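Quick note: to get the working numbering, add 69 to the position in the sequence shown (first position is 1).
Here a beta-carbon is modelled for each residue, glycine too, at the ideal position from N, C-alpha and C.
Since the model is a prediction, treat every value here as computed from it, not as a measurement.
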Amino acid sequence: MSFGGRSWRAASLAGALACGLSLAGAVARAEDQAHEIAEKFASDSAAKRSHEEFVKTEEARKKEAERQAQEALREAARKRAEALLKADREKLKGAAKAVQPQPRPQPVADPRSDEDDILARARAEDEARKAAERARAEEEGRRRIEAILAEPEGPTPAEIAAQAAELRAREIALARRAWLASRQRIADAARQDAEAKAVAEAAEARSREIAQARRTWSVAQARIREVARREAEDAKARAIAAAQTRAGEIAQARRTWRQAHTRMVEAANKAAEAKAIAEASEARAREIARARQAWADARKRLEQEAEAKARVLAGRPQATASLPMPAPERGEPLASGARALEMRVAVLLIMAPGNKGIRRHNKTADPVLCVNDGCYLSSGPDLPARLLPARRVLGFAGVFGERAAACRNHLGCVFRGIAVSEVPLIVQPIDMRVVKHDRRRMQAIEADSACSAEGGRLVCTRGIYAEDYAMWVVPESLARAVGPEGLERALAQGLSGPRSAGLEGRF
């Protein structure tokens with residue numbers, strides 16, 4: 070084989086090795102880039118991907134890259150080997166006919182096995198080449214000897230032997246150089262294999278370090294999340310406990326305020342009643358004084374008239390009789406069991422639902438109680454009702470504001486603390502609506518409903534029963550004695566009692 074053929078084969082083998090090294094470097098660079106991308110994604114908190122899924126994806130990608138690199142190395146080695154074998158086969162076809170070529174092993178999947186096959190084929194090719202060169206040299210020497218013998222004058226046997234020795238030395242030198250070149254190629258391939266193995270081991274160690282760091286980071290993140298969750302639960306529990314404590318304090322304060330307000334209202338009612346009683350006593354005393362003065366004046370006038378008549382009838386004896394003292398006029402007696410109205414009364418009212426407008430489908434009521442001075446809004450069975458101007462209660466603000474207050478959407482209602490400014494007390498129940506209110510029949514009340522407390526229950530024998538409502542007029546003192554529960558019980562029982570025509574109104 071010529072020097073140019075050997076150089077081409079060496080260059081081909083070096084190119085294959087260089088291609089393998091470049092592929093190995095590309096794999097290493099791809100692994101470094103993958104590690105950099107993995108570190109970037111691991112440090113980016115917005116990625117929101119689990120660590121286990123990322124590790125599985127990265128390992129699968131790494132295995133795929135290694136597989137592709139190995140396939141590329143095998144393919145390049147196979148192509149180079151086939152090219153070398155084809156070129157050597159063409160060049161040695163005529164020179165090594167007598168030499169039987171050794172069987173060449175088939176390429177296998179392992180890259181190291183491919184390199185061993187390439188080296189084995191290279192050794193076999195060197196041996197075949199050496200045998201062919203020896204045969205060619207022997208053939209050339211024989212031809213030269215025959216040519217020298219054929220010439221009439223030629224070199225001496227010593228010259229022929231010297232030439233043969235020179236050819237033999239040249240062949241030995243060529244063989245030695247070829248053996249040294251093969252040995253150098255083998256050493257270079259082994260060194261490159263060791264370097265590639267070291268790079269792969271470093272990359273694997275780096276991958277293990279990254280995996281360990283990721284596991285440590287995942288454990289730290291899990292601990293941080295657990296601590297944050299516990300802190301949030303503790304804060305929530307503390308907030309709930311504080312809210313419950315605050316709610317209890319607010320409820321206690323409301324109960325205390327309600328009790329104080331109730332006591333204040335009761336004290337105010339008692340003071341008002343005492344004041345009203347004192348005023349009524351003073352007015353009664355004044356009326357009695359005026360009546361006595363009028364009676365004294367009338368008696369004096371009568372005595373003067375009698376004296377004048379006596380002077381006219383002087384000289385005639387006449388028996389004088391004193392005139393009787395006139396008795397004060399008395400009004401009509403109250404009905405049996407009924408009492409005159411106190412200064413303040415409580416009114417229990419039950420309305421029948423209307424059948425016009427919204428009441429055709431909404432069978433309830435919004436009751437208010439109107440008097441000459443305005444309209445009362447109920448504050449419940451335990452607080453005095455509020456007296457407001459009629460235009461405010463029945464106007465736009467009242468309809469879309471408080472409406473019936475505590476009696477809103479109720480057929481039954483209690484109005485406590487109704488002031489009796491004059492007798493008879495004129496009242497009119499009204500069911501509030503949106504446009505046109507349902508005004509029920511007015512009542513003129515001169516006496517209460519003859520109520521009493523029996524076993525904690527309120528019983529009235531002279532209630533007011535109209536065609537679309539029922540009403541009990543209870544003295545405020547009796548309402549306080551019965552309490553809110555007794556009043557609500559009477560409403561729940563429907564204000565049942567005998568019908569009293571005498572207490573129904575005159576309107």
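Nearest residue (CA-CA) to residue i, options the options
| i | options | result |
| --- | --- | --- |
| residue 516 | 507, 536 and 493 | 493 |
| residue 241 | 213, 214, 216 and 206 | 206 |
| residue 254 | 278, 216, 301 and 189 | 189 |
| residue 514 | 193, 481 and 410 | 410 |
| residue 268 | 531, 551, 135 and 548 | 135 |
| residue 146 | 294, 313 and 186 | 186 |
| residue 459 | 472, 451 and 449 | 472 |
| residue 210 | 234, 197, 193 and 191 | 234 |
| residue 161 | 540, 380, 319 and 204 | 204 |
| residue 408 | 506, 274, 531 and 561 | 531 |
| residue 502 | 478, 524, 315 and 522 | 478 |
| residue 535 | 551, 565, 524 and 523 | 565 |
| residue 451 | 475, 431 and 440 | 475 |
| residue 288 | 343, 362, 121 and 342 | 121 |
| residue 156 | 128, 191 and 139 | 191 |
Own chain, CB closer than 7 Å to residue i, minus 5 neighbours either side, in chain order
| i | result |
| --- | --- |
| residue 538 | 418, 419, 420, 421, 498 and 509 |
| residue 467 | 461 |
| residue 558 | 526 |
| residue 551 | 522 and 527 |
| residue 562 | none |
Nearest-angstrom Cβ-Cβ length linking residue i and residue j, presumed shorter than 8 Å
| i | j | result |
| --- | --- | --- |
| residue 456 | residue 442 | 6 Å |
| residue 548 | residue 560 | Wrong, their Cβ atoms sit about 12 Å apart, outside the cutoff. |
| residue 345 | residue 412 | 4 Å |
| residue 280 | residue 124 | 6 Å |
Residues near residue i by beta carbon distance below 8 Å, same chain, minus five either side
| i | result |
| --- | --- |
| residue 244 | 199 and 202 |
| residue 195 | 247, 248 and 251 |
| residue 237 | 206 |
| residue 433 | 422, 478, 479 and 480 |
| residue 137 | none |
| residue 215 | none |
| residue 331 | 451 and 452 |
| residue 489 | 410, 411, 412, 413 and 414 |
Where residue i sits in the DSSP three-state scheme
| i | result |
| --- | --- |
| residue 498 | strand |
| residue 553 | helix |
| residue 417 | strand |
| residue 512 | strand |
| residue 240 | helix |
| residue 527 | strand |
| residue 333 | helix |
| residue 521 | strand |
| residue 457 | strand |
| residue 388 | Reliability of the predicted coordinates at residue 388 is poor, the pLDDT of 37 falling under 50, and the value obtained from them is presented with this limitation in mind. DSSP places residue 388 in coil when its eight states are reduced to three. |
| residue 438 | strand |
| residue 535 | coil |
| residue 398 | Confidence at residue 398 is low in this model, with a pLDDT of 32, below 50, so the placement of that residue should be treated as unreliable; the coordinate-derived value is given next. Residue 398 falls in the coil class under three-state DSSP. |
| residue 268 | helix |
| residue 484 | strand |
| residue 257 | helix |
| residue 409 | strand |
| residue 451 | coil |
| residue 573 | Since pLDDT at residue 573 reaches only 38, below the 50 mark, its modelled position is unreliable, and the value read off the structure follows with that caveat. In the structure shown, residue 573 sits in coil (DSSP, three-state: anything other than H, G, I, E or B). |
| residue 124 | helix |
| residue 17 | Only positions 70 to 576 of the chain appear in this structure, which leaves residue 17 out of reach. |
| residue 543 | strand |
| residue 470 | coil |
| residue 443 | strand |
Distance CB(residue i)-CB(residue j) smaller than 9 Å
| i | j | result |
| --- | --- | --- |
| residue 334 | residue 414 | no |
| residue 436 | residue 480 | yes |
| residue 529 | residue 546 | no |
| residue 426 | residue 505 | yes |
| residue 445 | residue 484 | yes |
| residue 482 | residue 447 | yes |
| residue 213 | residue 232 | yes |
| residue 429 | residue 500 | no |
| residue 148 | residue 276 | no |
Cut-off 6 Å between Cβ atoms - residues of its own chain near residue i, not counting five sequence neighbours on either side
| i | result |
| --- | --- |
| residue 405 | Residue confidence for residue 405 is low, a pLDDT of 47 falling below 50, so the modelled location carries little weight and cannot support an answer. |
| residue 487 | 414 and 416 |
| residue 396 | Note that residue 396 scores 33 on pLDDT, short of 50, meaning its location in the model is unreliable; the coordinates nonetheless yield the value given after this. No residues qualify anywhere along the chain. |
| residue 322 | none |
Any non-hydrogen atom of the ligand FMN closer than 8 Å to residue i Cβ
| i | result |
| --- | --- |
| residue 241 | What this structure holds is no ligand at all, so the ligand FMN is not there to describe. |
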